[in-house]
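*Asks:* In this note's numbering, the protein residues as written are 2 to 389.
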């Protein structure tokens, strides 16, 4: 797998950048195909909100479209407008719905609002009364208590003779609260509720499952699934082997290698005191780049979770973060590597095929979603071509 991320003819600005990010578009396409296969009879959409989970909605969107995705989900209408030229014949659903003043961006870019509240529904019906038919989706809350129409209100719509005849949803959807935990009884509870909703909207496509729900099996698939994190190589199910291909490799340049003596301290706050003479690699990455302060090494009194701090990979070996992660710099302990294994100017892998995304996330006490969407603007990026 590592060989896929070896760039032989990259531009000089990438080869010499302080921070660089390699995105394997072919892996994203293959991950979508895998999730489509696991979706069985259901169609698989592609969730590309938050700039395709931090990886670039333009590049990711077009490779997913070429792979066969024809339904996309974004969070806000501006994301949908950005995606539209790269997915010309796709349905693009906007999860935040629609509000007064946004009509033009929806209609001009052929975006489908996901109606998620009573207020949005009332506004949308007024729009339809004036404009005429236009597709929408309905988001129904089945227990998450986040976005969504109450079930009773959604079910009442099917018998509401006062609603505009042009209110003709093309999709009814809900979202699992505990899909990443297959043992949670809440999954079955939400499934039973959503079956009632789906039956009430006979003839309308139904969608319940994001990445985690797809792994729960065919009962949860309905007509359309919505894979997100799995497309980007992240773990969708807690405690299970991740079957998805790695998609990203983030690297930082080593700016300096330092020799430090036992008894000396490292980084802000002098929170880590060296127990031995050490060799330290100072890398050009920090929390401004999404390399979270919670990834700091041992001895950091930031919290009492007992998290061990992060590792990077250099010279083919894992090396630990030592001392506090700072805004622009992080220090790694390379003492156990041979003296000639690492030099200033080399790159250390922060996350990637040798340092899995979710391992880094766990070290920070968070999830892969946050690690990806938190990538900063300073990475020089290169995209490996996807398959047509």
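Beta carbons: idealized from backbone N, C-alpha and C, even for Gly. Because the structure is a prediction, the values reported are computed rather than measured.
Am I right that residue 78 and residue 106 are in contact with their C-beta atoms under 8 Å? What's the rounded C-beta distance?
*Replies:* Between residue 106 and residue 78 the Cβ distance is about 5 Å, and since that is below 8 Å, they are a contact.
*Asks:* Contact defined as beta carbons within less than 8 Å: I believe residue 383 pairs with residue 15. What is the distance between those atoms, to the nearest angstrom?
*Replies:* 5 Å
*Asks:* CA-CA distance, residue 176 and residue 194?
*Replies:* Distance between residue 176 and residue 194, taken at the CA atoms: about 11 Å.
*Asks:* Could you work out which residue in 110, 99 and 61 is closest to residue 85 when comparing CA atoms only?
*Replies:* 110
*Asks:* Please classify residue 356 as buried or exposed, where buried requires at least 16 neighbouring CB atoms within 10 angstroms.
*Replies:* buried
*Asks:* Check for me: the alpha helix (DSSP H) holding residue 359 runs from which residue to which?
*Replies:* 358-364
*Asks:* Using a threshold of 8 Å, state whether the C-beta atoms of residue 91 and residue 72 are closer than that.
*Replies:* It is a contact, given that the beta carbons lie within the stated cut-off.
*Asks:* Taking the alpha carbon of residue 386 as the reference point, which residue from 29, 12, 233 and 104 has its own alpha carbon closest?
*Replies:* 29
*Asks:* Using the beta-carbon count (16 or more within 10 Å), is residue 124 buried or exposed?
*Replies:* buried
*Asks:* Can you tell me whether residue 389 is buried or exposed, with buried defined as 16 or more other CB within 10 angstroms of its CB?
*Replies:* Confidence at residue 389 is low in this model, with a pLDDT of 47, below 50, so the placement of that residue should be treated as unreliable; the coordinate-derived value is given next. Classification of residue 389: exposed, given that the 10 Å Cβ count is below 16.
*Asks:* Going along the chain, which residues of its own chain have a beta-carbon closer than 7 Å to the beta-carbon of residue 201, five neighbours each way excluded?
*Replies:* Taken in chain order, the residues that qualify are 156 and 159.
*Asks:* Kindly identify the DSSP beta-bridge partner or partners of residue 21.
*Replies:* 252 and 381
*Asks:* Compute the minimum distance between the beta carbon of residue 289 and the heavy atoms of the ligand MG, and state whether it is under 7 Å.
*Replies:* Within the structure as shown, the ligand MG is missing, as the structure has no ligands at all.
*Asks:* Decide if residue 276 is buried, meaning its Cβ has at least 16 other Cβ atoms within 10 Å, or exposed.
*Replies:* exposed
*Asks:* Secondary structure at residue 350, three-state DSSP: helix, strand or coil?
*Replies:* Three-state result, residue 350: strand.
*Asks:* Tell me, please, which residues DSSP counts as bridged to residue 260.
*Replies:* 280
*Asks:* Name the DSSP bridge partner or partners of residue 312?
*Replies:* 321
*Asks:* Taking only three categories from DSSP, how would you classify residue 459?
*Replies:* There is simply no residue 459 to check, as the chain begins at 2 and stops at 389 in what is shown.
*Asks:* How is the beta strand (DSSP E) around residue 112 delimited, first residue to last?
*Replies:* 112-116
*Asks:* Taking the straight line between their C-alpha atoms, what separation do you get for residue 248 and residue 285?
*Replies:* 22 Å
*Asks:* Which residue marks the beginning of the alpha helix (DSSP H) containing residue 29, and which one marks its end?
*Replies:* 26-39
*Asks:* Residue 296 and residue 419 - do their beta-carbons sit closer together than 8 Å?
*Replies:* Because the chain in this structure spans residues 2 to 389, residue 419 falls outside the shown range and cannot be described.
*Asks:* Straight-line CA distance for residue 206 to residue 187?
*Replies:* 23 Å
*Asks:* Where does residue 33 land, buried or exposed, given buried means 16+ other C-beta within 10 angstroms?
*Replies:* Classification for residue 33: buried.
*Asks:* What residue does the beta strand (DSSP E) around residue 205 start on, and which one ends it?
*Replies:* Residue 205 -> no beta strand (DSSP E), and no H or E assigned at all.
*Asks:* Should residue 305 go down as buried or exposed, given a rule of 16 or more other Cβ atoms within 10 Å for buried?
*Replies:* For residue 305, the predicted model reports a pLDDT of 43, less than 50, meaning its position is unreliable and no value from the coordinates is stated.
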